[in-house]
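*Asks:* If you want the numbering used here, it's the 1-based position in the sequence shown plus 15.
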Amino acid sequence: MFEAIAFYLFAFLTISMFYIVVTTQQALYALTALAAGMIFISAFFFILGADFLGAVQIIVYTGAVMALYAFGMMFFDTTRDVKEKQGNKFIIVGLSTLSAVLVVLIVSAPIVSDNIVALYPVVDGIGNTQEVGVVLFTKYLIPFEVAAVMLLVAMVAGIVLAGKKMDLSLTLMNDAEIRELNEEKNKKELS
Numbered sequence: 016m017f018e019a020i021a022f023y024l025f026a027f028l029t030i031s032m033f034y035i036v037v038t039t040q041q042a043l044y045a046l047t048a049l050a051a052g053m054i055f056i057s058a059f060f061f062i063l064g065a066d067f068l069g070a071v072q073i074i075v076y077t078g079a080v081m082a083l084y085a086f087g088m089m090f091f092d093t094t095r096d097v098k099e100k101q102g103n104k105f106i107i108v109g110l111s112t113l114s115a116v117l118v119v120l121i122v123s124a125p126i127v128s129d130n131i132v133a134l135y136p137v138v139d140g141i142g143n144t145q146e147v148g149v150v151l152f153t154k155y156l157i158p159f160e161v162a163a164v165m166l167l168v169a170m171v172a173g174i175v176l177a178g179k180k181m182d183l184s185l186t187l188m189n190d191a192e193i194r195e196l197n198e199e200k201n202k203k204e205l206s
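(1) If you draw a straight line from the alpha carbon of K200 to that of V37, how long is it in whole angstroms?
(2) Are there 16 or more other CB atoms within 10 angstroms of the CB of I106, so buried, or fewer, so exposed?
(3) For my contact list, M209 and A50 are in at a C-beta cut-off of 8 angstroms; report their separation, rounded to the angstrom.
(4) Starting from the Cα of M32, find the closest Cα among Y44, V119, Q40 and give me that residue.
(5) Cβ of I62 within 8 angstroms of Cβ of E18?
(6) By DSSP, does T153 sit in helix, in strand, or in coil?
(7) Return helix, strand or coil for G109, following the three-state DSSP convention.
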């Protein structure tokens, strides 16, 4: 009974937070609601007994990803109105509905089937974290290491790209100011 009440409570809170993310005009409200929604998603993992995944959800998504979003939002002018091109709404609703139905069918097909066999059976006396570690560092060791190397390469590439000087055409100057700065730069190079 407790699990059902907790599930419906956190489902309502999660959907409410993500509704705020989609509908609000304020970037700070959207970021805060997104962080709260991700924390509420971690509650589902805790209800299911997957404490490790719940903690990872909080640490990785709510901590790291939200910090990344916050730093990214600092570089944009969020007070400016954005005008979006609206396409055909029937196509958008149709494709969204079709993809939602496909996701539900794909996820529910193994649940309905009676032929589910676990590759790694549950062992008494071993916690969830140990089970995740055994699977991660035995069967999925190579993909885990490849993902780590890819993240390292992406981090180094981000640092290299951020370290380059900004091109003058990317700034908010008008064309006359850019031409004037280029002429001054050329004069200094010639002398």
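Ideal placement from N, C-alpha and C gives every residue a C-beta, glycine not left out.
*Replies:* According to the structure shown:
(1) K200 and V37 have their C-alpha atoms some 46 angstroms from each other.
(2) exposed
(3) What is shown of the chain runs 16 to 206, which leaves residue 209 out entirely.
(4) Y44
(5) Closer than 8 angstroms, so yes.
(6) Of the three classes helix, strand and coil, the one that applies to T153 here is coil, per DSSP.
(7) helix
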